[in-house]
Amino acid sequence: MVKKKRKPKPLNEPKGRADHGTNESMSQAEGLKLETVDGGRAGALKRVYVSQQTPMDRYAQRGLINDRQKRAAHALFVLYDQTRQAGRLTADYTKLRVDGGAGSGVNDYALADFFKLQKAIGQEAASVTRAVVIECESASNWAKRFRLPKRMGIEKLRLALDKLADVLRIW
């Protein structure tokens, strides 16, 4: 009886279902997280995802949005960041500043510009851009929340980012 020779495995092929590289390479990579798929059982399938990547980065990387749309989204995020409103975006009428003191830490001009920008692009466009750009929700989840087809989310996002780029005069 003749034994068959086994073909050697290629060097870069993963050895098992949950093999994502050596521990050294995983510890040096920033923004990578391991996530267990089915509840943390022993030998469960694991996947690696990039935790520092926003949906806008993924859409640009996959070619779903163009450079002009990405720059418009970045400008909106920078304006939102300047408002220093991490938790809320409503006006605060409880503080009356008579003496011109330090205030609440909110940049009032940036907040006013943010509201004007949202009003200029319309309610639906403001909704989808806020959900995807600021709250880091995927476009398909936004569409699902409003009972729209999944693919409609990215289409509405593209239209909203085009409107935003026009208002901001990004060419």
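Each residue of the sequence shown is one higher than the one before, counting from 163 in my numbering.
Beta carbons: idealized from backbone N, C-alpha and C, even for Gly.
Bear in mind that the values here come from a model prediction, so they are computed numbers and not experimental data.
Counting of Cβ neighbours within 10 angstroms places Trp304 among the buried residues, the total reaching 16 or more. For Pro217 against Ala327, the beta-carbon gap comes to about 18 Å, at or over 8 Å, which does not count as contact. For Arg220, the uninterrupted alpha helix (DSSP H) run begins and ends at Pro217 to Gln223, by DSSP. Straight through space, the alpha carbons of Ala274 and Gln244 are spaced by roughly 11 Å. Annotated three-state conformation of Arg233 is helix, per DSSP. For Leu226, no alpha helix (DSSP H) encloses it, and the DSSP letter there is neither H nor E.
Around the CB of Gly315, 16 or more other CB atoms lie within 10 Å, so the residue is classed as buried. Between Ala234 and Ala287 the beta-carbon gap is near 11 Å, outside 8 Å, which marks them as no contact.
By a beta-carbon distance limit of 8 Å, Ala272 contacts Leu241. Their separation comes to about 6 Å. The beta-carbon separation of Gly284 and Lys325, rounded to 7 Å, stays under the 8 Å limit for a contact.
Under the three-state reduction of DSSP output, Gln214 falls in the coil class, being neither helix nor strand. If you draw a 10 Å sphere on the C-beta of Gln215, you find fewer than 16 other C-beta atoms in it, and that means exposed.
Taking the C-beta atoms as reference points, Ile332 is found nearer than 8 Å to Arg230. With at least 16 other beta carbons inside 10 angstroms of its own, Val290 counts as buried.
According to the DSSP assignment, Ala293 belongs to no alpha helix (DSSP H), since it is labelled neither H nor E.
Residue state for Arg313 is assigned as helix, using DSSP reduced to three classes.
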